[in-house]
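Okay, structure first, notes after.
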Amino acid sequence: MSNTAELDESLRQAILAKPDALLDDQSVMNALVSANERAMGANIVDLRGIAMERMEARLDRLEDTHRSVIAAAYENLAGTNQIHRAVLRLLDPMDFESYLSNLGGELAEILRVDSVTLVLESAQPEQDAAVQRMDQVLKVVEPGFVATYLSQRGGGDRPDRQVTLRQMECGNARTHGSKADYIRSEACLRLELGEGRLPGLLVLGSEDPHQFTPQHGTDLLAFFAGVFERSMRHWLS
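Each residue of the sequence shown is one higher than the one before, counting from 2 in our numbering.
Pasting the structure below:
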């Protein structure tokens with residue numbers, strides 16, 4: 002009587018009918034390779050099996066990288082489309098008050114943030130009625146506020162950089178107003194408003210602590226800041 006296990010005839014016929022399916026199934030092939038190694042015994046080194054294991058590990062890494070690249074490409078495309086929509090929305094308002102109202106409305110929805118605040122430095126502390134009406138989205142502050150704000154809370158020693166991303170335990174009441182207690186991350190876009198004018202700042206706040214972190218890229222936000230600067234120069238001229 003043979004000691005070799007016999008293959009069920011129906012299974013044997015199925016394998017012979019579709020051998021490619023067997024070769025394409027990685028789990029089945031791993032089981033066959035393991036069975037072959039056991040049959041050879043412990044004193045035999047199967048170099049071909051070792052090479053296959055290394056190739057499988059390399060293939061797994063390549064597949065992971067491939068998936069990561071595709072996911073990043075989709076994310077970048079979605080981010081680009083989002084910024085394009087936001088730029089188009091900036092061009093719609095016909096007056097400055099509508100422009101400011103738009104910041105905390107549709108623009109905030111497009112950018113998927115919970116707070117949008119425009120900070121303008123001014124040597125004149127008095128605020129007219131129009132500025133007071135837009136207090137939720139427009140903050141007029143003393144000269145030097147922008148540099149100080151960018152230097153604190155993880156801003157580092159580069160207050161002059163155009164985009165600063167950071168996380169926090171809660172937002173600053175001067176920039177985020179009544180929503181400050183819920184803000185966990187923010188993007189600060191420094192604005193150069195033209196020769197002879199003090200700098201400004203556009204602050205985007207989110208309740209999600211992972212929406213804006215120092216590890217994220219800033220190219221798209223830098224582009225948006227450039228567009229916003231130019232639109233603000235138009236309204237201030």
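No residue lacks a Cβ here, since even glycine has one placed at the ideal position from N, Cα and C.
| message | Residues in the same chain with beta-carbon distance under 6 angstroms from A226, minus the five sequence neighbours each way, listed in chain order, please. | response | As a working note, residue 226 is residue 225 in the sequence shown. Within the same chain, Q163 and L190 come within 6 angstroms of A226 by CB-CB distance, once the 5 residues on both sides are set aside.
Notebook entry, point to check: Between the Cα of Q137 and the Cα atoms of H85, L104 and A124, which residue gives the shortest distance?
Noted result: Taking the first residue of the sequence shown as 1, we reach residue 137 at position 136. Out of H85, L104 and A124, L104 has the C-alpha closest to the C-alpha of Q137.
- Message: Which same chain residues end up closer than 6 angstroms to A18 when comparing Cβ atoms and leaving out the 5 residues on each side of it in sequence?
- Response: If you number the sequence shown from 1, residue 18 lands on position 17. Contacts found: none.
Neighbourhood of D9 by C-beta distance below 7 angstroms, restricted to the same chain and skipping five residues each side: Locating residue 9 in the sequence shown gives position 8, where the first residue counts as 1. Nothing listed; no residue qualifies.
Can you check the segment 41 to 114 for any beta strand (DSSP E) of at least 3 residues that lies completely inside it and give the ranges in chain order? none
- Go to A188, then tell me how far its beta strand (DSSP E) extends in each direction, as first and last residue. Here residue 188 refers to the residue found at position 187 of the sequence shown. Its beta strand (DSSP E) spans residues S186 to L192.
- Task: Give the straight-line distance between the Cα atoms of S238 and E110, rounded to the nearest whole angstrom.
- Result: Here the question's residue 238 lines up with position 237 in the sequence shown. Here the question's residue 110 lines up with position 109 in the sequence shown. Those two C-alpha atoms are separated by around 28 angstroms.
ask   = From this set, S186, L89, F229 and R198, which residue's C-alpha is nearest H217's C-alpha?
value = Residue 217 sits at position 216 when you count from the first residue of the sequence shown. It is S186 whose Cα lies nearest to the Cα of H217.
Beta carbon of L108 nearer than 8 angstroms to that of V120:
Translated into positions along the sequence shown, residue 108 becomes position 107. Translated into positions along the sequence shown, residue 120 becomes position 119. No.
Handout entry: Chain-order list of residues whose beta-carbon lies under 7 angstroms from that of F224 (same chain, five-residue window excluded)
Key = As a working mapping, residue 224 is identified with position 223 in the sequence shown. The residues are I84.
Quiz item: If you draw a straight line from the C-alpha of E170 to the C-alpha of L192, how long is it?
Solution: On the sequence shown, position 169 is the one that residue 170 refers to. On the sequence shown, position 191 is the one that residue 192 refers to. The alpha-carbon atoms of E170 and L192 are separated by roughly 25 angstroms.
**Item:** Beta-carbon proximity list for Q88, same chain, < 6 angstroms, skipping 5 on both sides
**Value:** One-based indexing of the sequence shown puts residue 88 at position 87. The question names Gln, but residue 88 in the sequence shown is Val. V228.
Fill in: Residue from Q27, Y100, N82 and L221 with nearest C-alpha to R234
As a working note, residue 234 is residue 233 in the sequence shown. Closest option to R234, Cα to Cα, is Y100.
By Cβ distance, which residues of its chain are closer than 7 angstroms to P210, with the 5 residues on each side in sequence left out?
Numbered from its first residue, the sequence shown carries residue 210 at position 209. Excluding sequence neighbours, P210 sits near Q168, R185 and S186.
message = Taking the alpha-carbon of L239 as reference, which of G201, Y183 and E196 has the nearest alpha-carbon?
response = Since the first residue of the chain shown is 2 and the last is 238, residue 239 is not available in this structure.
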